[in-house]
Amino acid sequence: MSGLRSFVARRLLLGVAQTVAVVLLVFALTEALPGDAAVALAGDQPDPARIAAIRAALHLDRPAHERLADWAVGLLHGDLGTSLTSGRPVSTYLADGFGPTLLLAAITVALLVPAGFGLGVLAARYEGRLVDRLVSSVTLAVYAVPEFALGVLLVTVLALRLDWLPPTAVGYGTDLLGHPAALVLPVLVLLSRPVCSLSRLVRAGMVDALASPYVAQARRYGVSGAKVRYAHALPAALAPAAQQLARTIDWLLCGVVVVEALYVIPGLGTVLLNAVAERDVPVVQGLAVVFGVLTVVLNLGADLVTHRLVPRAGVAA
Amino acid sequence: MNHENDTTDPAAPLGPEGPAAFLGPGAGPVGPASRPVAAIRDLRVEIDGRAIVDGVNLEARPGKVTALVGASGSGKTTTGLALLGEYPPGARIGGEVHPAAGGLVGYIPQHPAAVLNPARRVSALLTDIARSQVCHLPRGRRRAAARERVLRALSEAQLPDGEALLRRYPHQLSGGQQQRVVLAQALLLGARVIVADEPTTGQDALIKSRIVDQLAAVAARGIAVVLLSHDLDVVRALADDVLVMRAGRVVESGPAERLWNTPRHPWTRELLTAQREFTPLGLSTGIGEPVLRIRDLIARHRDGGAHGRPTTVLRVPELALYSGTCLAVVGRSGSGKTTLARCLAGLHRDHEGEILLDGTALPRTLRTRDGAQLAAVQYVFQDSRAAFDEHRPVLHQVARTAVRLRGTDKGTARQKALTTLTRLGLPKELADRRPDQLSGGELQRAALARALLARPRVLVCDEITSGLDTINRRGLLELLAQLLRERDDLSLVLITHDLDIAALAHHIAVLDAGELVEQGTAPRVLTTPEHPFTVSLMEHTARLGMGTGR
Chain B
1 MSGLRSFVAR
11 RLLLGVAQTV
21 AVVLLVFALT
31 EALPGDAAVA
41 LAGDQPDPAR
51 IAAIRAALHL
61 DRPAHERLAD
71 WAVGLLHGDL
81 GTSLTSGRPV
91 STYLADGFGP
101 TLLLAAITVA
111 LLVPAGFGLG
121 VLAARYEGRL
131 VDRLVSSVTL
141 AVYAVPEFAL
151 GVLLVTVLAL
161 RLDWLPPTAV
171 GYGTDLLGHP
181 AALVLPVLVL
191 LSRPVCSLSR
201 LVRAGMVDAL
211 ASPYVAQARR
221 YGVSGAKVRY
231 AHALPAALAP
241 AAQQLARTID
251 WLLCGVVVVE
261 ALYVIPGLGT
271 VLLNAVAERD
281 VPVVQGLAVV
291 FGVLTVVLNL
301 GADLVTHRLV
311 PRAGVAA
Chain L
1001 MNHENDTTDP
1011 AAPLGPEGPA
1021 AFLGPGAGPV
1031 GPASRPVAAI
1041 RDLRVEIDGR
1051 AIVDGVNLEA
1061 RPGKVTALVG
1071 ASGSGKTTTG
1081 LALLGEYPPG
1091 ARIGGEVHPA
1101 AGGLVGYIPQ
1111 HPAAVLNPAR
1121 RVSALLTDIA
1131 RSQVCHLPRG
1141 RRRAAARERV
1151 LRALSEAQLP
1161 DGEALLRRYP
1171 HQLSGGQQQR
1181 VVLAQALLLG
1191 ARVIVADEPT
1201 TGQDALIKSR
1211 IVDQLAAVAA
1221 RGIAVVLLSH
1231 DLDVVRALAD
1241 DVLVMRAGRV
1251 VESGPAERLW
1261 NTPRHPWTRE
1271 LLTAQREFTP
1281 LGLSTGIGEP
1291 VLRIRDLIAR
1301 HRDGGAHGRP
1311 TTVLRVPELA
1321 LYSGTCLAVV
1331 GRSGSGKTTL
1341 ARCLAGLHRD
1351 HEGEILLDGT
1361 ALPRTLRTRD
1371 GAQLAAVQYV
1381 FQDSRAAFDE
1391 HRPVLHQVAR
1401 TAVRLRGTDK
1411 GTARQKALTT
1421 LTRLGLPKEL
1431 ADRRPDQLSG
1441 GELQRAALAR
1451 ALLARPRVLV
1461 CDEITSGLDT
1471 INRRGLLELL
1481 AQLLRERDDL
1491 SLVLITHDLD
1501 IAALAHHIAV
1511 LDAGELVEQG
1521 TAPRVLTTPE
1531 HPFTVSLMEH
1541 TARLGMGTGR
């Protein structure tokens, strides 16, 4: 197992390098955008003298590399800096935004796993028959609809026409758990595409596994149907699905901008959107660090799960 | 609840006798001591109106080995799987199959690894089988009882260290261990009949004789063994009854003894003679120049990722291949034969020493060899199916060699490929098919044609006959001999574990555990072997051949 441990260590080291690269890239890109926080703050009175004053007050007149260096030193002490526009610490932005995002992601994943795997196994079990064709064509159709379009459609039908659900989470703040009805539409939209991609991957893997000689052997030795499907075929079919699941969780945690904006949910996506609009570089960079770390950790986790599911493949970094 | 059931259920009295009653009186001329535990009567399996098995009768008797013999595609496997109640998809079934009492039939496939789930530990299926047998126990004791049954089955299958083995994954076992785990599954099941499908194909003589012993031990436990094989040595060593199949029909059947001594059907006679009748190439025609010379070759493998220490797997101080001759490299599985071939072909990078082609050193890897060097050394692989792209016609793939390595234009290459394929016995209508529509023997010929199109100086054949039945094998070997006679610029390196095949060559080199232990002309090595390993290899081959394997 020492091979596995050194693999994890190498991957984490590589992950740190990747996160640093992401942060540098984000910093360079926000620098490259026209205008800065001072221009955004000056708002309706774009008086050059006023902008210069704000710039001096925010230390934006210092060279870019010095600002980056300051921020990086702070980061090493666990300090993500303060927002340029409000002066609040970046960490409070992240803490506030993470709650709703995590809630949405947790609910989505909790529903996604049984739905995606269940549909995939179901379709594979009846491969080529009516159930399979129904599941496969519906998932393909739903997958083809972009989230914003599905979101707007659901709001129009379920909220505005039928008035069953609140159209957005406006006014509920970060206390979304107290208003579960507001969560239904966003979770539905978030679920729609991942369920389709996951179930199609599971179906493909299961079709292969169910046709394999080892499943035939389990059947001929009298192992029951459900046990063959879930204990013998599914483990061999899981490896690609595990990778896809990790990417989906990553996508959910790293601020689902479109859905959060559509349903006005104050999650990380909304924080990111506002920070970019206000050229609030420290907040954007803080988010980049969090997203980078999340991506690295989730993908490493998926690789370890895959290694467990396909022990023969070994590990490579 | 009352006892009305006892009197009104008409099916009840008939139940227990079931299959036994069926097989009793009507089961044909069988001695009372060995009533068959499973039988097939007049089986016909039809796909799209074409019969792949027709009119087959078979009886599996306890403690006896019944062998189904025949070339690939003769319907052996279809018949064997029918005993398990399994048929090809879309097949129409005629006749009767009386499976073993309780339907307990074990199956040992040609590749045991295929029936072991790569994602689960070895214990997975074994535990599931055992669990279903301990339902009658109170819940708390089931786990321990199942465990005990599994361990007992493993030790019965000659796997003593069961505890440690159960925690491993199939890929962490050797081929022999995998086979014994599959056998343990059948024993745990309590199978009355075990169907073994080509259990020895592609194995070397030592492993073969071990498998023979193992199957003999299974039969000695009173289990009926149905052996499907084209390996006549193994059939000779094991079988009590033999059925010879051809094109889905049984052409001859009877006690093994009678069949070997006085075969009645011409096909049986042909099958039996195909076994040994090879014409050796004889002595090399004059000492030509060595076309290929190996000096101080040391090849290594790295295990356990980039940080593992390399282990030396092959050491060849000096070996030469003379122009127009055939060199057989013989050894057991894992002796380094294939590594040597891969070094020659530039497929194994991690080696030292020199490989000289016509006096000039060959670069170590394919990537660093130029076109002429690539064309000069060609490789034919053991698994011909894996060596072809399944989506394109064979002809197209064969012709690519001439385009890539000889710079021929497409039309000419196609023409040349067609000529070569036809000469090797693959007419145009076969060559235009995709690989999945060709048999193993036909594909191996196509692979040979593909290599020949490069006009190689050295043709490396890596166990190219070990997956084939005797008749296909003889055909392919005769083809090789003919090629060698016709093309004087061609030399062969024949990698094999089979001394009978090595006997065809001009020279033989024997490898054991990565060391070149003996080399010399074929008649010399085969008649007066010097190294103890060569002697033991020959003894095992002889033991199988004599049918004294039990």
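Respectively, the protein sequence lines represent chains B and L.
Read left to right, the first sequence gives residues 1 to 317 (this note's numbering).
Read left to right, the second sequence gives residues 1001 to 1550 (this note's numbering).
From the three backbone atoms N, C-alpha and C, an ideal C-beta is built for every residue, glycine too.
Being a predicted model, the structure only gives us computed values, none of them experimental.
Which chain B residues are close to residue i, counting only those with a beta carbon under 9 Å from its beta carbon?
i       : result
L/N1117 : A209, S212, Y214, V215, Q217, A218, H232, A233, P235 and A236
L/L1125 : Y214, Q217, A218, Y221, V223 and H232
L/A1114 : S212, P213, Y214 and Q217
How many whole angstroms separate the CB atoms of residue i and residue j, which I take to be in contact at a CB cut-off of 8 Å?
i       : j       : result
B/P186  : B/V259  : 5 Å
L/R1300 : L/P1310 : 4 Å
L/P1112 : L/Q1178 : 4 Å
L/V1377 : L/I1464 : Not a contact, Cβ separation roughly 16 Å.
L/L1452 : L/E1442 : The Cβ separation is near 15 Å, so there is no contact.
B/T85   : B/D280  : 5 Å
B/A241  : B/L201  : 5 Å
B/R220  : L/L1084 : 6 Å
L/E1352 : L/I1298 : 5 Å
L/A1585 : L/R1349 : Lying before the first or after the last residue shown, residue 1585 of chain L is absent from chain L, which here runs from 1001 to 1550.
Cutting at 8 Å between CB atoms, please list the residues of its own chain near residue i, excluding the five before and the five after it.
i       : result
L/L1494 : C1326, L1327, A1328, V1329, C1461, L1480, I1501, A1502, L1504 and A1505
B/L154  : L185, L188 and V189
B/V293  : G15 and T19
L/H1540 : A1205, L1206, K1208 and S1209
B/V366  : Residue 366 of chain B is absent from the structure shown; chain B starts at 1 and stops at 317.
L/N1117 : A1124, L1125 and P1170
L/S1335 : L1511, D1512, A1513 and G1514
For residue i, go through chain B and note every residue whose CB falls closer than 8 Å to its CB, in chain order.
i       : result
L/E1086 : A216 and R220
L/Q1185 : Q217 and Y221
L/P1099 : None at all; the shortest Cβ gap to chain B is about 11 Å.
L/L1189 : Y221 and G222
L/Y1107 : Q217 and R220
For residue i, which residues in chain L fall below 9 Å Cβ to Cβ?
i      : result
B/V310 : P1118 and A1119
Quick one, which of the options has its alpha-carbon nearest residue i's?
i       : options                               : result
L/L1068 : L/G1095, L/V1181 and L/P1255          : L/P1255
L/P1523 : L/A1509, L/D1489 and L/A1372          : L/A1509
L/P1199 : L/I1207, L/R1192 and L/D1512          : L/I1207
L/T1066 : L/A1039, L/T1078, L/A1051 and L/L1043 : L/A1039
L/L1215 : L/L1238, L/T1201, L/L1187 and L/I1464 : L/L1238
B/V207  : B/G222, B/P194, B/V228 and B/L191     : B/V228
B/A237  : B/R203, B/R219, B/G99 and B/R279      : B/R203
B/F98   : B/V276, B/A32, B/V157 and B/L176      : B/L176
L/R1385 : L/R1434, L/L1424 and L/E1354          : L/R1434
B/D151  : B/L268, B/E31, B/F291 and B/V264      : Correcting the residue identity first, residue 151 of chain B is Gly in this sequence and not Asp. Measuring from the Cα of B/G151, the nearest candidate turns out to be B/V264.
B/P194  : B/L33, B/D163 and B/A105              : B/A105
B/V23   : B/S137, B/L68, B/V113 and B/T270      : B/L68
L/R1041 : L/E1096, L/K1076 and L/T1079          : L/E1096
L/L1366 : L/A1387, L/C1343 and L/G1359          : L/C1343
B/L386  : B/D250, B/L245 and B/V284             : Absent from the model: residue 386 of chain B. The displayed extent of chain B is 1 to 317, so no value can be given.
L/I1183 : L/A1157, L/S1174 and L/V1195          : Checking the sequence, you will find Leu at residue 1183 of chain L rather than Ile. Closest by alpha carbon: L/A1157.
L/I1129 : L/L1421, L/A1119, L/P1138 and L/A1145 : L/A1145
L/D1197 : L/R1295, L/P1088, L/I1108 and L/V1234 : L/I1108
Excluding the five sequence neighbours on either side, which residues of its own chain have a C-beta within less than 6 Å of the C-beta of residue i, listed in chain order?
i       : result
L/F1022 : Because L/F1022 sits at a pLDDT of 38, beneath the cut-off of 50, its placement in the model cannot be relied upon, and the following sentence gives the value as read from the coordinates. So the list reads H1098, once near-sequence residues are dropped.
L/S1536 : none
B/E80   : With the sequence shown as reference, residue 80 of chain B is identified as Leu, and Glu is not the correct amino acid for it. Hits under 6 Å: V90, S91 and G286.
B/L199  : It is worth fixing the name first, because residue 199 of chain B is Ser in this sequence and not Leu. Excluding sequence neighbours, B/S199 sits near G116, L119, G120 and T139.
Just the chain B side, please: which residues come within less than 7 Å of residue i by C-beta, in chain order?
i       : result
L/A1196 : Near L/A1196 there are no residues of chain B at all, since even the closest Cβ is about 14 Å away, more than 7 Å.
L/S1132 : G222
L/P1310 : Those do not exist, as L/P1310 stays about 15 Å from chain B at its closest Cβ, beyond 7 Å.
When the cut-off is 7 Å and only beta carbons count, does residue i lie next to chain D?
i       : result
L/I1129 : Absent from the structure: chain D. Protein chains present are B and L.
Skipping 5 residues on each side, what residues in its chain have a beta carbon closer than 7 Å to that of residue i?
i      : result
B/V296 : G15, Q18 and T19
Beta strand (DSSP E) runs contained entirely in the stretch 1501-1545 of chain L, provided each spans 3 or more residues: For the stretch 1501-1545 of chain L, whole beta strand (DSSP E) runs of length 3 or above, ordered along the chain, are 1507-1512 and 1515-1521.
Entirely enclosed alpha helix (DSSP H) segments - the stretch 244-304 of chain B, minimum 4 residues: You should have 257-263 and 268-277.
Ordered list of alpha helix (DSSP H) runs contained in the stretch 1069-1152 of chain L, each at least 4 residues: Fully enclosed alpha helix (DSSP H) runs of no fewer than 4 residues occupy 1076-1083 and 1123-1133 of the stretch 1069-1152 of chain L, in order along the chain.
Within the stretch 124-179 of chain B, ranges of the alpha helix (DSSP H) (whole runs, at least 4 residues): Runs found: 130-143 and 147-154.
Complete runs of the alpha helix (DSSP H) confined to the stretch 1349-1408 of chain L [at least 4 residues]: Counting only runs of 4 or more, we get 1371-1376 and 1394-1406.
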